Amino acid sequence: MRGLLCLGLVACAPEAPVPVAVDGNEPEVVGNALKTELHNPRDGKVFARLRAVSFSGDRDGERQSLTGVTVELMRRRVVLRSERAELSGRNLQMWGKVKGVMPDGRRFTTPRLDYYSGPGMVSLSGPAVFAGDGHQLVAEGGAVADEAFENLELQGPVRGRVRTR
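Quick note on my numbering: the sequence shown kicks off at 782 and runs consecutively.
Below, the structure is given as structure tokens:
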């Protein structure tokens, strides 16, 4: 049985990553099938599980570029998916068409999502589209949320429909 190779506190992969020299600088680490946990810097607890199809980055694990990314936020089981992302220190940036799904089936899409570990906040670039349970709202200015998506503030002009019961 093969173990996991861990790069600092950021990346764990089932196979040894391959060092690749980049323009004479320190070699970059490249690998496939990344699975890791992200820890809250305030209390050390796991706040998210991250999977990526492939990754590359610096040897000290401070900056990792990821493709085929899925992140599960543990507190509310919010699942985020994007084709590209970057881990920089303890912050995460996802871009392309970022999709999020809440446990109750509500969902959102945004062109970019930034997670800032210090304050524990998530920023969604606009236009951010929120849908589910007969509702659809478009926040042209994006949105800001806490890391559990329990508090969400829509920004900029907002348009859409809300179903009343």
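The beta-carbon is built from N, C-alpha and C at its ideal position, and this holds for glycine as well. Fair warning: this is a prediction, and the values are worked out from it, not measured in the lab.
**OP:** Within 10 angstroms of the Cβ of Val852, are there 16 or more other Cβ atoms? Answer buried if so, exposed if not.
**Re:** Here residue 852 refers to the residue found at position 71 of the sequence shown. Buried, by the Cβ-count rule.
**OP:** For Val943, collect the residues of the same chain with a Cβ closer than 6 Å to its Cβ; drop the 5 residues on either side in sequence, then sort them by chain order.
**Re:** What you label residue 943 is simply residue 162 of the sequence shown in a count that begins at 1. If we look at Val943 and ignore the five residues flanking it on each side, its Cβ neighbours are His916.
Original post:
Over what stretch of residues does the beta strand (DSSP E) that includes Val811 continue unbroken?
Top reply: Counting from one through the sequence shown, the residue named residue 811 turns up at place 30. 809-820 is the extent of the beta strand (DSSP E) around Val811.
**OP:** Report the residue ranges of all beta strand (DSSP E) runs contained in full by the region 825-883; include only those spanning at least 3 residues, in chain order.
**Re:** Here the runs fully enclosed are 827-839, 844-854, 859-869, 872-882.
Subject >> 7 Å CB neighbourhood of Tyr897 in its chain, flanking five on each side removed >> reply: Within the sequence shown, numbered from 1, the residue matching residue 897 stands at position 116. So the qualifying residues of the chain are Asn872.
Subject >> Nearest to Leu847 (by Cα), restricted to the options Phe911, Val810, Ala909 >> reply: As a position in the sequence shown, residue 847 is number 66, starting the count at 1. In this structure, Val810 is the residue among Phe911, Val810, Ala909 with its C-alpha nearest to the C-alpha of Leu847.
Original post:
Is it a yes or a no for the region 857-865 touching the region 880-894, going by three-plus beta-carbon pairs under 8 Å?
Top reply: Yes, they touch.
Original post:
Helix, strand or coil: how does DSSP classify Arg887 here?
Top reply: By one-based count along the sequence shown, residue 887 stands at place 106. Coil.
Subject >> Between the CA atoms of Arg888 and Phe911 - distance to the nearest angstrom >> reply: Taking the first residue of the sequence shown as 1, we reach residue 911 at position 130. Taking the first residue of the sequence shown as 1, we reach residue 888 at position 107. Phe911 and Arg888: Cα-Cα distance of roughly 6 Å.
Subject >> Rounded straight-line distance, which links the Cα of Gly941 to that of Gly913 >> reply: To locate residue 913, count along the sequence shown from 1; it is residue 132. To locate residue 941, count along the sequence shown from 1; it is residue 160. Straight-line Cα distance between these residues: approximately 12 Å.
Subject >> Val943 in three-state terms, based on DSSP >> reply: Within the sequence shown, numbered from 1, the residue matching residue 943 stands at position 162. Coil, per DSSP.
Original post:
Per DSSP, Gly937 forms a beta bridge with which residues?
Top reply: Mapped onto the sequence shown, residue 937 falls at position 156. None; Gly937 has no bridge partner.
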